[in-house]
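To start, the structure itself, in structure tokens.
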Amino acid sequence: IITGSQAWEYDFSPSEAENLMNLKEIYDDAERDYRNQSITAAARAKALDAYEDALEEAQEERITAAAKAKALEAYEDAFEEAQKERTEIEQEEFDRLAPLLKSKTEELRVAKSSRWILAETDTATVVIDDPEAPDMPVLFVASSSDYVTEPGMAKFYLETTDELAEELIVFFELAGEVESGEDYIVPSGDVTMPKGSKKTSISIEIRDDDFVEIDETLTIRLLEAKNSEYQLSSQIEATILVQSPDLPELSITGGGTIQEGETSVVTVKADQAVTVDTSINYSVSGTAQQGVDYEVLKGSALMKAGEVSVEIPIRSLRDDVFFMPGDMIVADWPARVGRINFEKEDLVSSGTEILSLTEPNFKVVLFARPSDRAKLEIGQKVTIEIDAGDQKSDGIISQLDDVVTRNGASELYEGEVEASKDLVAVEGAVVAIDVVVAEAVDAIVVPIAAVLTENSSEKIRVVTRDETLERRIVETGMLDGAWVEVISGVSPEEFVIIEIDRS
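For the working numbering, add 428 to where a residue sits in the sequence shown, where the first one is 1.
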């Protein structure tokens with residue numbers, strides 16, 4: 429049907445070959461009939477054209493297929509080369525990660541022999557991955573006990589969820605109230621867990637510093653792995669309380685000879701300050717009797733935390749003093765001495781009041797001018813200040829008179845104030861009462877001198893961000909001494925100008 433060169437150059441499909449053979453038979457029949465003059469030359473030419481057209485079309489399709497095949501072959505070669513390079517990169521990454529994986533490992537090594545020599549690559553590693561095991565161990569830390577005594581060993585336990593396939597180095601740090609190097613010996617900061625283990629311990633040596641101190645905390649904290657060799661659980665800290673057995677050494681000084689009615693002081697001293705409020709018990713003995721020769725002692729003294737001494741007063745009593753019935757003042761309980769009108773050794777005339785008794789209940793009486801009475805009402809908050817003892821307390825107005833009280837030329841309204849704190853009552857002491865008639869919380873205030881009045885408007889000179897002066901109209905509110913509230917016009921932390929020095 430086709431020549432040998434065509435068969436070699438082109439590889440026709442069976443259907444194409446069958447079509448060409450049929451057209452060739454039609455052409456041969458037409459050639460034979462033309463010789464026998466059975467058909468015309470036009471019919472012969474038509475059969476020849478059909479055969480040649482089919483042959484040309486088949487050849488063109490074969491050429492296109494060959495080009496496609498060549499392109500496909502080039503693509504496959506390039507893909508294979510890329511896969512080879514990718515495989516090499518993945519192999520390098522795998523070789524880096526393989527030792528980190530928690531897996532069972534088999535190592536094959538080519539042994540030396542007289543029949544060969546070893547190349548640079550003489551080992552191969554097969555990693556058997558366990559899907560049930562985590563890729564990295566998960567770490568937990570806990571303390572072996574709640575406290576440790578100086579000197580001693582603070583122990584912490586480090587655990588993993590599964591046995592380790594390889595040796596693992598874990599990093600940690602120490603924190604807490606203890607001081608590094610003074611209260612404990614500083615460790616290296618890492619611990620090695622051997623292969624096949626699930627648990628190890630970390631021991632911190634606690635020093636004996638001979639200091640009286642409160643119990644301090646020692647905390648261990650796990651750190652992230654430098655090469656992502658392990659994971660941290662939620663339990664990455666553990667704490668132990670370090671207890672100091674050292675106690676302060678007490679000594680007592682004082683005493684001596686005193687006269688009846690005098691006071692001597694005995695001092696209890698500690699070689700170091702106590703860490704907590706400490707009750708010191710003591711006993712007394714001797715020929716002197718408590719309650720007869722000296723005031724009764726409690727038998728204990730309190731040394732406050734941080735102090736190194738406490739004083740115990742010994743007050744002797746005079747046994748040559750006698751009281752007659754007229755030497756005493758008797759009153760119904762409860763009562764207390766109020767105002768005393770004379771000093772020691774003053775001459776007192778007959779019938780003159782020496783002192784007065786008062787009730788112990790504390791009561792503050794206020795006096796308000798008519799102009800202030802309109803601003804007051806029962807239940808208002810007040811601040812009470814007493815000069816005697818620098819006492820201060822919050823309170824409220826509990827009573828107000830609606831009828832003015834005249835005292836000579838003055839007219840005042842009286843009222844009472846209840847204090848929220850217990851104050852020491854001093855008869856006749858002067859009390860200052862500040863009444864809150866208006867209140868603004870979190871208010872913006874500026875000095876009164878910073879507010880200028882221009883054409884019935886209030887303005888403030890403000891320093892802007894570009895360091896220029898700007899006059900702003902503001903709305904002011906309450907006055908409090910030298911300060912005035914600014915309702916609008918300025919913001920917190922802005923700078924305002926009080927006065928400009930034009931010299």
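Ideal placement from N, C-alpha and C gives every residue a C-beta, glycine not left out.
message = Just to confirm, is the Cβ distance from I806 to L840 under 8 Å?
response = no
query = Between T904 and E913, what straight-line distance do the alpha-carbon atoms span, to the nearest angstrom?
reply = 6 Å
message = Out of E591, S672, E595, F600, which one is the CA nearest neighbour of A570?
response = F600
task = Report the partner residues of S728 according to the DSSP bridge assignment.
result = N709
ask   = Sorted by chain position, which residues of the same chain lie with C-beta nearer than 7 Å to W436's C-beta, five sequence neighbours on each side aside?
value = With a pLDDT of 41 at W436, under the threshold of 50, the modelled position of that residue is not reliable, and the figure given next carries that caveat. Cβ within range, chain order: n/a, list empty.
ask   = Apart from the five residues on each side of it in sequence, which residues of its chain come closer than 7 Å, Cβ to Cβ, to M906?
value = A866, A868, E913
Under the three-state DSSP convention, the category M581 falls into = strand
request  = Could you check the C-alpha separation between V640 and P615 for me, to the nearest Å?
outcome  = 25 Å
task = Please work out which residues of its chain come closer than 6 Å, Cβ to Cβ, to D862, disregarding the five sequence neighbours upstream and downstream, and give them in chain order.
result = T811
query = Can you tell me whether A469 is buried or exposed, with buried defined as 16 or more other CB within 10 angstroms of its CB?
reply = exposed
key: Contacting residues, own chain, Cβ-Cβ under 8 Å from S608 (five flanking each side not counted)   = L602, V614
request  = Using three-state DSSP, classify I686 as helix, strand or coil.
outcome  = coil
query = Any idea if P622 is buried or exposed, counting beta-carbon neighbours within 10 angstroms, 16 or more meaning buried?
reply = exposed
inquiry  = Distance check for A666 and V852, CA to CA, integer angstroms please.
reply    = 51 Å
Spatial distance of S711 from R743 (CA atoms) = 16 Å
ask   = Cβ of E813 within 8 Å of Cβ of K803?
value = no
key: Residue interval of the alpha helix (DSSP H) (run including R764)   = Taken as a continuous stretch (DSSP letters only), R764 belongs to no alpha helix (DSSP H), being part of the beta strand (DSSP E) at 764–768.
ask   = Between the stretch 739–754 and the stretch 680–697, do three or more beta carbon pairs fall short of 8 Å?
value = yes
request  = Express the C-alpha separation of A733 and V704 in angstroms, rounding to a whole number.
outcome  = 4 Å
query = Which whole-angstrom value describes the C-beta separation of P579 and R635, a residue pair presumed to lie in contact below a C-beta threshold of 8 Å?
reply = 6 Å
inquiry  = Quick check on F584: buried or exposed, where buried means 16 or more other Cβ atoms within 10 Å of its Cβ?
reply    = buried
Between the CA atoms of E735 and V702 - distance to the nearest angstrom = 6 Å
request  = Check whether the stretch 709–727 touches the stretch 648–666, counting contact only when three or more Cβ pairs, one atom from each stretch, lie closer than 8 Å.
outcome  = no
Spatially closest choice to G727 from V832, I740, S885, D505, by CA coordinates = I740
request  = Could you tell me whether the Cβ atoms of Y455 and A475 are closer together than 8 Å?
outcome  = yes
request  = Using 10 angstroms around the beta-carbon of I630, count the other beta-carbons present and answer buried if the total reaches 16, otherwise exposed.
outcome  = buried
Backbone CA spacing between V831 and D908 [nearest angstrom] = 30 Å
query = Could you give the distance in angstroms between the alpha-carbon of L730 and the alpha-carbon of V696?
reply = 10 Å
ask   = From D590, Y612, V874, I642, pick the residue whose C-alpha is nearest to that of G624; which is it?
value = D590
request  = Taking only the alpha-carbon atoms, compute the straight-line gap between V576 and I642 and give it to the nearest angstrom.
outcome  = 13 Å
Top-ranked residue by Cα proximity to I825, from S692, L725, K809 = K809
query = In chain order, what residues of the same chain lie with their CB nearer than 8 Å to the CB of E781, ignoring the 5 residues before and after it?
reply = N769
ask   = Is I708 closer than 8 Å to V738 when the C-beta atoms are compared?
value = yes
query = Since S799 is in the alpha helix (DSSP H), which residue starts that stretch and which ends it?
reply = 798–801
request  = Rank V792, S848, V858, E846 by C-alpha distance to the C-alpha of D818 and give the top, closest one.
outcome  = V858
key: CA-to-CA distance, L646 to E605, given in whole angstroms   = 7 Å
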